[in-house]
Amino acid sequence: MSSVNLRHSVRAIILDEEDRVLLCRFAIPEPAGRVVWAAPGGGIEHGETPLAALRCELREEVGLVVTSDPPHVWHQEVVAAGHASGYDGVVNDYFLVRSAGFRPRGGLSDEELAAENITGFQWWHLQDVAGFDGPDLFSPRDLATPLAALITYGAPARPVLLGL
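Below you can see the structure in the form of structure tokens.
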């Protein structure tokens, strides 16, 4: 049996005082210039804890300093060729971070963000995610469903398992 090489990542569901969620716009060159809106975050380096990785990624990408230990709310495993360059898929662990609204600007330059395929940031209301009918995708694809539950009921007792 061959082992599956998955990229382990952490992501933050950042909700502001209006329950808007902050998403990154990822312009994925392959296949065919796809755009995916996803929570900020990134890979966990060898020897790094998930929360340390989360704090580092949020500071670098959006300029948010997280000093508390946010609750782990979602877990996602996607095994699919081509889903993450150089890997057989991803494992994403999502943490809920409450924050006042802010203008995202982290320590990474525009060039460094572009190297990670990040081309912008946007605060989204739940109804705008749920009603979106453009060509862009969300990650997870059905983001509106778990997001609605998170906004309505708060952090779950155990992380909710997400699909693609």
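Each residue of the sequence shown is one higher than the last, beginning at 1 in the working numbering. For glycine and all other residues, C-beta sits at the position ideal for the given N, C-alpha and C.
Exercise for review: For the region 98-114 and the region 58-70, state whether three or more C-beta atom pairs, one from each stretch, are separated by less than 8 Å.
Suggested key: The region 98-114 is in contact with the region 58-70.
Practice item. Quick one: give me the first and last residue of the beta strand (DSSP E) that residue 61 is part of. Key: No beta strand (DSSP E) contains residue 61, which is instead part of the alpha helix (DSSP H) from 50-61.
Check your understanding: In terms of alpha-carbon separation, which member of 115, 51, 146 lies closest to residue 67?
Key -> Distance from the Cα of residue 67 is smallest, within the candidate group 115, 51, 146, for 51.
Review point. Quick one: Cα of residue 44 to Cα of residue 94, how far?
Key: Residue 44 and residue 94 have their C-alpha atoms some 13 Å from each other.
Practice item. State buried or exposed for residue 122, treating a residue as buried only when at least 16 other CB atoms are found within 10 Å of its CB. Key: Residue environment analysis places residue 122 among the exposed positions, since fewer than 16 neighbouring C-beta atoms fall within 10 angstroms of its C-beta.
Point to revise | Spatially closest choice to residue 23 from 79, 70, 42, by CA coordinates | key: Per the Cα distances, 42.
Check your understanding: Leaving out five residues before and five after residue 161 in sequence, what residues of the same chain have Cβ atoms less than 7 Å from its Cβ?
Key -> Residues 75 of the same chain have their beta carbon placed closer than 7 Å to that of residue 161, with the five preceding and five following residues left out of the count.
Point to revise | Whole-angstrom C-beta distance between residue 155 and residue 73, which should lie under 8 Å | key: The pair is a contact, with the Cβ atoms about 5 Å apart (cut-off 8 Å).
Check your understanding: Going straight from the alpha carbon of residue 6 to that of residue 125, what length do you get?
Key -> Taking the straight line joining both Cα atoms gives about 31 Å.
Exercise for review: Out of 46, 25, 29, point me to the one whose CA is closest to residue 36's CA.
Suggested key: Comparing Cα positions, the closest option is 25.
Review point. According to the Cβ coordinates, are residue 16 and residue 151 closer than 7 Å?
Key: The criterion of a C-beta distance shorter than 7 Å is not satisfied by residue 16 and residue 151.
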